[in-house]
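Working notes, structure below.
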Amino acid sequence: MQASESTGIEPSAEGSSQSESEAADTAGGTETIADARPSVDIADQASISGTETIGAPFVDNPKMSARNVNVFYGDKHAIMDVSLDVGRNEVIAMIGPSGCGKSTFLRTLNRMNDIIQTCQVRGTFELDGEDIYGAGQDTVLLRARVGMVFQKPNPFPKSIYENVAYGPRIHGLAHSKAEMDEIVEDSLRRASLFDEVKDQLDMPGTGLSGGQQQRLCIARAIAVSPEVILMDEPCSALDPIATARIEELIDELKENYTIAIVTHSMQQAARVSQRTAYFHLGKLIEVGATKDVFTMPKHELTENYITGRFG
Amino acid sequence: MSKAKSADKSAMIQASLKKRYAKERRFQWYGRLAVLTGFVFLFILIVDIVSKGTPAFTQQFIKVSVHLDRDTLDLPENPSREQLFNANYYGAIRASLRDMFPDVTSRRDKGQLYRLLSVGAEYDLRDKLIEHPQWLGETRDIWLRAHSESGSYLKGQVDTNLPESDRRVKDLQIGWLDELRAEGRTENRFNTALFTNGDSREPEMAGIKVALYGSFLTLLVTFFIAFPIGVCSAVYLEEFAPRNRITDLIEININNLAAVPSIVFGLLGLAVFINFFGLPRSAPLVGGIVLSLMTLPTIIITSRAAIQAVSPSIREAALGVGASKLQTVFHHVLPVAMPGILTGSIIGMAQALGETAPLLMIGMVAFIMDAPGGITDPATVLPVQIYLWADSPERGFTEKTSAAIMVLMAFLILMNALAVYLRRRFEIK
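So the sequences go chain by chain: D and S. According to my numbering, the first sequence is numbered sequentially starting from 1428. According to my numbering, the second sequence is numbered sequentially starting from 244.
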């Protein structure tokens, strides 16, 4: 279902046909850059970027909401006045060129930026209407409710079983060995990894293949039954086959969880998400239904990005 | 044209290649030479120490027919244990030696004869008789400890070509010893006294027991102070402390502390722990505290490096499932950093084991004969014992010095082996 929607987008074909005419203005007439696709310098486009987000950043009854978010790394203003909602049981994709702040924004949602000393976060964040940066809000509890899967698969250097059991154990979610076994099996099944590893639960998690490791990390994240799962480029270190499995998995997981995924692959965003948010140099440019964003982007920058005009 | 140009370039590179490879080969030879030099020095050192020290692991014994009659021993009919303990064994041995060599008459010659045996021979005899009281009144062949000089002759270490006045072993004694040897009355045995005795004025009686116990107890104290404090400091500074002026200052000072000469720590120990707090002098407790001060910077620095080397992705993973900071550190960071921390700690401990100067300052240089029963009893340590023996002129002590160095090195190798074992054990594949 998701995959079929993505077939309408073929940025490469469109991009190359337009490139001939635009080559002259952007490259200033020099002959050396006579490639098929001229790139547009991102920095030059900073002036165009609108201060207002185009599209529909807000939804009714959101699972998480962020308002007027500003993030600073020391003096660097990494995110500028971003407001965005994450709807219930939806997959929202965040796309944008490198350094646009999409990962930083994702990490504000479970306060992972707290561990970076120079990082300052301002704005209002709510999870089911609760202020997650409020006084008395505990990061441990928050991260149990908002789980995370990272860019590089990072299983603990322990057994597969221990990897999954760790979260439930520290939170005291299992009261007996049998209950824990059940949680582990269930989590591994939901991460569609159980059949591959059921005979080697005692083996170290770091011995699995990259794709299996990432699914193990997903199993570890869902073992504590979070409400929201944040995924920070979960497939960037994986081959296409492993990526396809993770994407299938995301599709299944959205039945029970709310998922926010940061990705560099527009095809992936188109395949797995219902809504897409386009970030550009710290600003949220455009948000909308994935289908709309990819087929008829409203903002010039979004269009430039999804047609592959940025280098 | 471009073809000619590229041929030109190839020729140029070709020309420089030879030079480059020659440079590489030269460097490799420098490296080999450097390694070889190191090995040669190490080899000379080890051969020297082992060849000098090996004789100290054996002790010559002389079989003497001892008359165990009551009169000479000054014992009543049915002696109690205490009476046996205090009997005149010295006299009995002298009398027996005189009987074995009846032609020795002059006072001087008799004195030389008695010096064939160690002062400790009477204790050997005492222990034998207490063990077998039924021997009383009999004449028995008993193996008695030889004096270090006669032992030295029997081991073939004395150059008999030297004029008599330059030798500690005189011609008369050589004659007697040759006679005894011909009769099969001499024997070279493993020197258990080296490990069961404390220090002594007589080389053949001196042992490293006190120093071994002292070193062990001192290191124990050092480990139990320095390891927890060092690891805690490292974890706090690396994981919890904010980065600011104060922590920068602390870091600089820890690095400086690692470079402070060890004798300064000894002075500190003397002034603070002994004079101010009144802790006992010469005790492993104070020695351990002083050495732990010295070892702390090493442990902190290596532990911090090991903790720093743990991949941040593991921390993120743990925090991501909702582990608290403490849980993240103790469940995930420390286990991964443990091999590095242990290696650093054992390097620090090995340094402490070989340290002499600060211990001299706190009085662990005393002449101690009885092994310490606890960390507050006076003791000495192996390097200090080596220092003391190296100072003694007797031939017997020269070999004892080398033997003690061998034991110290064995101790060190054991500790390093432990480090390797622990690293393997904790290493997570």
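Glycine is no exception: its CB is placed at the ideal position from the N, C-alpha and C atoms.
Please name the residue, chosen from D:Arg1616, D:Lys1625, D:Arg1647, D:Cys1662, that lies closest to Arg1638 (chain D) on a Cα-to-Cα basis. The question names Arg, but residue 1638 (chain D) is Gly in the sequence shown. When only C-alpha atoms are compared, the closest one is D:Cys1662.
Please tell me whether His1504 (chain D) has its Cβ less than 8 angstroms away from any Cβ of chain S. no
Could you give the DSSP three-state label for Pro1724 (chain D): helix, strand or coil? coil
Determine which residues of the segment 559 to 584 of chain S have a Cβ less than 9 angstroms from any Cβ of chain D, and write them out in chain order. Glu559, Ala560, Ala561, Leu562, Gly563, Val564, Gly565, Ala566, Ser567, Lys568, Gln570, His574, His575, Pro578, Val579
Check: Gly1637 (chain D) C-beta below 7 angstroms from any heavy atom of the ligand GDP: The ligand GDP is not part of this structure, which contains no ligands at all.
Can you give me the C-alpha to C-alpha distance between Phe721 (chain S) and Leu513 (chain S), rounded to a whole angstrom? Residue 721 (chain S) cannot be examined here, being either before or after the span of chain S that is shown, 244 to 672.
Can you list, in chain order, the residues of its chain whose CB lies under 6 angstroms from that of Leu651 (chain S), leaving out five sequence neighbours each side? Leu625
Quick check: what's the CA-CA separation for Leu387 (chain S) versus Leu316 (chain S)? 17 angstroms
Selected residue, minimal CA-CA separation from Ser458 (chain S), among S:Glu481, S:Val608, S:Trp272, S:Glu494: S:Val608
Just to confirm before moving on: does the CB-CB distance between Ala389 (chain S) and Ser361 (chain S) stay below 8 angstroms? yes
Along chain S, in chain order, which residues have C-beta atoms closer than 8 angstroms to that of Asn1759 (chain D)? As shown, chain D starts at 1428 and ends at 1738. That puts residue 1759 (chain D) outside it, with no answer to give.
Taking only beta-carbon atoms, is His1602 (chain D) less than 8 angstroms away from chain S? no
Mind checking whether Phe508 (chain S) and Met537 (chain S) have CB atoms under 8 angstroms apart? yes
Please confirm whether Val533 (chain S) and Ile417 (chain S) have their CB atoms less than 8 angstroms apart. no
Could you tell me which residues DSSP puts in a beta bridge with Phe1552 (chain D)? D:Ala1493
Beta carbon of Pro1595 (chain D) nearer than 8 angstroms to that of Leu1643 (chain D): no
Whole alpha helix (DSSP H) runs in the segment 297 to 377 of chain S with 4 or more residues, listed along the chain? 313 to 316, 324 to 328, 332 to 343, 350 to 357, 364 to 374
Nearest-angstrom Cα distance between Ala653 (chain S) and Gly1599 (chain D)? 49 angstroms
Check whether the Cβ of Ile1597 (chain D) lies closer than 8 angstroms to any Cβ atom in chain S. yes
Can you list, in chain order, the residues of its chain whose CB lies under 8 angstroms from that of Phe470 (chain S), leaving out five sequence neighbours each side? Ile542, Ser588
So which residues of chain D does Ile656 (chain S) contact, with C-beta pairs closer than 7 angstroms? Within chain D, no residue comes near Ile656 (chain S); the closest Cβ sits about 30 angstroms away, beyond 7 angstroms.
What is the rounded straight-line gap between the Cα of Val1651 (chain D) and the Cα of Val564 (chain S)? 7 angstroms
Does any residue of chain S have a CB that is nearer than 8 angstroms to the CB of Tyr1500 (chain D)? no
Could you tell me whether the segment 371 to 382 of chain S touches the segment 319 to 328 of chain S, where touching means 3 or more Cβ pairs closer than 8 angstroms? yes
Determine the burial state of Leu340 (chain S): buried for a count of at least 16 other Cβ atoms within 10 Å of its Cβ, exposed for fewer. buried
Could you please tell me which residues of the segment 1643 to 1658 of chain D, in chain order, have their CB closer than 9 angstroms to any CB of chain S? Cys1644, Arg1647, Ala1648, Ala1650, Val1651, Pro1653, Leu1657
Is it buried or exposed for Leu569 (chain S), if we count other Cβ within 10 angstroms and need 16 for buried? exposed
Count the other C-beta atoms from every protein chain shown that fall within 10 angstroms of the C-beta of Ala1461 (chain D), then say buried if there are 16 or more, exposed otherwise. Interpretation of Ala1461 (chain D) is limited by its pLDDT of 39, a score under 50 that renders its predicted location unreliable; the figure taken from the coordinates is listed afterwards. Exposed is the call here.
Do Val1720 (chain D) and Tyr1732 (chain D) have their C-beta atoms closer together than 8 angstroms? no
Can you check the segment 1497 to 1553 of chain D for any alpha helix (DSSP H) of at least 4 residues that lies completely inside it and give the ranges in chain order? 1529 to 1535
Which residues does DSSP pair with Lys1395 (chain D) in a beta bridge? Here chain D has residues from 1428 to 1738 only, and residue 1395 (chain D) is not among them.
With a threshold of 8 angstroms, are at least 3 pairs of Cβ atoms found where one atom belongs to the segment 460 to 479 of chain S and the other to the segment 629 to 646 of chain S? no
Within a Cβ cutoff of 6 angstroms, which residues of the same chain sit near Arg263 (chain S), ignoring the five residues on either side of it in sequence? none
Suppose you measure from the CA of Thr1729 (chain D) to the CA of Asp1558 (chain D); what does that come to, to the nearest Å? 31 angstroms
Leaving out five residues before and five after Phe669 (chain S) in sequence, what residues of the same chain have Cβ atoms less than 8 angstroms from its Cβ? Pro578, Met581, Pro582, Leu585
Below-8 angstroms beta-carbon distance, Ile493 (chain S) vs any chain C residue: Of the protein chains in the structure, D and S, none is chain C.
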